[in-house]
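Asks: In the working numbering, the protein residues as written are 646 to 1021.
Glycine is no exception: its CB is placed at the ideal position from the N, C-alpha and C atoms.
Predicted model only: the values in this text are computed from it and were never measured.
Okay, here's the structure, questions in a sec.
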């Protein structure tokens, strides 16, 4: 097991969630717990950082508080509910259906698995579901690739509980030297080690070319995090995309009430935008994203990232050509690397390449191996 990363949840039998299977609940209850002395620490960290790097600017981010998986199944009889704790691993029992097929968390009406975002969610969690094709990228030019996933809906829903945070809060909590102490305090005071942390939700993409190659990027030595390591295209969904025309400092949870579907759309479309900006592949060559699960980056105190699978209708050589033309965020990487699907499946902590992967890439690889979204 790699101490830098863990899987918070995955949905292997579904081969991933599509946009219409994801819901969000947005509330200030899901934002970071504010404590006066911690606010002073955050402000001090920010001021010091801006003094050294005056080009930095703060921006609103979505904060992941928890995730809830639920599904209905006609032949089930048992309810399961798992909450976050301090154990290194959690085990979800499964029962067997009448045909003997093992179904995780079978129940007569509703199966729900609830996870708070943070320490303890070390065991991969799965549910059964099948769904119709997402149309996340319907506004793009060209014909998106149709993936070969199952398409029969089976009542599966992933519900994300989101608050608001910002880049400044991330630097002063998750990325701070005090992160461990903040986790301990949160655990002792409110039973949630992540309660005092920013926990911004990131996104990342396992991008598969038409000839079966997975795209990775060599991070620039000039970036603040994981410099020189291999990464997948990724970034963050932006609240400002939902609250258009509102300044960053005026974005609030109240402004997003009633805009829950727009928030989901931003989460799914933002990962496509990151591929476009970092790899320079036009959106029209990308399929609708499929959410494989959520990984936690423990080098930044359990920061969560939603990892997606995206097909690209271009070959490896085509993608390479687009990349070297240079995109809007070309400065963030120095090279493009391609792995075969077999190499992706065989990657583990014993592989020489594993040590070259940054935590976000490791989490995406783990989810790809668990979910196998490219299988028909």
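Taking only the alpha-carbon atoms, compute the straight-line gap between residue 649 and residue 863 and give it to the nearest angstrom.
Replies: 19 Å
Asks: CB residue 703 to CB residue 813, shorter than 8 Å?
Replies: yes
Asks: Could you round the C-beta distance between residue 842 and residue 946 to whole angstroms and report it? I think they count as a contact, below 8 Å.
Replies: 6 Å
Asks: Counting beta carbon pairs with one atom in the region 1003 to 1021 and one in the region 651 to 665, are three or more of them shorter than 8 Å?
Replies: Yes, since at least three Cβ pairs between the region 651 to 665 and the region 1003 to 1021 fall closer than 8 Å, the two stretches touch.
Asks: State buried or exposed for residue 867, treating a residue as buried only when at least 16 other CB atoms are found within 10 Å of its CB.
Replies: exposed
Asks: Would residue 973 be called buried (16 or more neighbouring beta carbons within 10 Å of its own) or exposed?
Replies: exposed
Asks: Starting from the Cα of residue 930, find the closest Cα among 910, 970, 852, 912 and give me that residue.
Replies: 852
Asks: Taking all protein chains shown into account, do 16 or more other C-beta atoms lie within 10 angstroms of the C-beta of residue 818, making it buried, or fewer, making it exposed?
Replies: The C-beta of residue 818 has 16 or more other C-beta atoms within 10 Å across all chains shown, which makes the residue buried.
Asks: Helix, strand or coil: how does DSSP classify residue 877 here?
Replies: coil
Asks: Would you kindly report the start and end of the unbroken beta strand (DSSP E) that includes residue 995?
Replies: No residue range can be given for residue 995, since it is assigned to no beta strand (DSSP E) and is classified by DSSP as neither H nor E.
Asks: The beta strand (DSSP E) that contains residue 949, what's its start and end?
Replies: 948 to 956
Asks: Would you list the residues sitting across from residue 670 in a DSSP beta bridge?
Replies: 806
Asks: Please work out which residues of its chain come closer than 8 Å, Cβ to Cβ, to residue 959, disregarding the five sequence neighbours upstream and downstream, and give them in chain order.
Replies: 854, 855, 926, 930, 967
Asks: Residue 762 and residue 713: beta carbons closer than 8 Å?
Replies: Contact: no.
Asks: Return yes when the Cβ of residue 705 is within less than 8 Å of the Cβ of residue 884, no when it is not.
Replies: yes
Asks: Please specify which runs of the alpha helix (DSSP H), each continuous and at least 4 residues long, are wholly inside the region 899 to 968, giving them in chain order.
Replies: 905 to 924
Asks: Tell me, which residues are paired with residue 658 by DSSP?
Replies: Answer is none; residue 658 lacks a bridge partner.
Asks: Which residue from 914, 886, 915 puts its Cα closest to that of residue 901?
Replies: It is 886.
Asks: Are the region 934 to 946 and the region 1002 to 1011 touching by the rule of at least three beta carbon pairs closer than 8 Å?
Replies: yes
Asks: Measure the alpha-carbon distance for residue 895 versus residue 889 and round it to whole angstroms.
Replies: 11 Å
Asks: Look up residue 630 in the DSSP assignment and say whether it is helix, strand or coil.
Replies: With the chain represented from 646 up to 1021, any question about residue 630 goes unanswered, as that position is not in the structure.
Asks: If you pair each beta-carbon of the region 682 to 691 with each one of the region 820 to 832, do three or more pairs fall below 8 Å?
Replies: yes
Asks: Along the chain, where does the beta strand (DSSP E) that runs through residue 848 open and close?
Replies: 847 to 853
Asks: Which residues in the same chain as residue 785 place their Cβ atom closer than 6 Å to its Cβ, once the five residues preceding and following it in sequence are excluded?
Replies: Residue confidence for residue 785 is low, a pLDDT of 32 falling below 50, so the modelled location carries little weight; the figure read from the coordinates is stated next. Only 928, 929 meet the Cβ criterion.
Asks: Put residue 788 into one of helix, strand or coil per three-state DSSP.
Replies: Residue placement at residue 788 is flagged as unreliable, the pLDDT there being 38, under the threshold of 50; the coordinate-derived value follows with that caveat. Residue 788 falls in the coil class under three-state DSSP.
Asks: Using 10 angstroms around the beta-carbon of residue 978, count the other beta-carbons present and answer buried if the total reaches 16, otherwise exposed.
Replies: Classification for residue 978: buried.
Asks: Run through DSSP, which three-state label would residue 980 get?
Replies: strand
Asks: Under the DSSP definition of a beta bridge, which residues are partnered with residue 705?
Replies: 811
Asks: Are there 16 or more other CB atoms within 10 angstroms of the CB of residue 746, so buried, or fewer, so exposed?
Replies: Note that residue 746 has pLDDT 34, beneath the 50 cutoff, so the model's placement of it is unreliable and the number below is only indicative. Exposed: under 16 other Cβ atoms inside 10 Å.
Asks: Would residue 678 and residue 835 qualify as a contact pair, given that the criterion is a beta-carbon distance under 8 Å?
Replies: yes
Asks: Considering just the uninterrupted stretch of the beta strand (DSSP E) at residue 841, what are its terminal residues?
Replies: Residue 841 -> no beta strand (DSSP E), and no H or E assigned at all.
Asks: Taking C-alpha atoms, which residue in 987, 935, 971 lies nearest to residue 980?
Replies: Ranking 987, 935, 971 by CA distance to the CA of residue 980 puts 971 first.
Asks: Using a 10 Å radius around the Cβ and a threshold of 16 neighbouring Cβ atoms, would you call residue 1022 buried or exposed?
Replies: With the chain covering 646 to 1021 only, the question about residue 1022 has no answer from this structure.
Asks: Just curious, the alpha helix (DSSP H) that residue 694 is in, first and last residue?
Replies: 681 to 697
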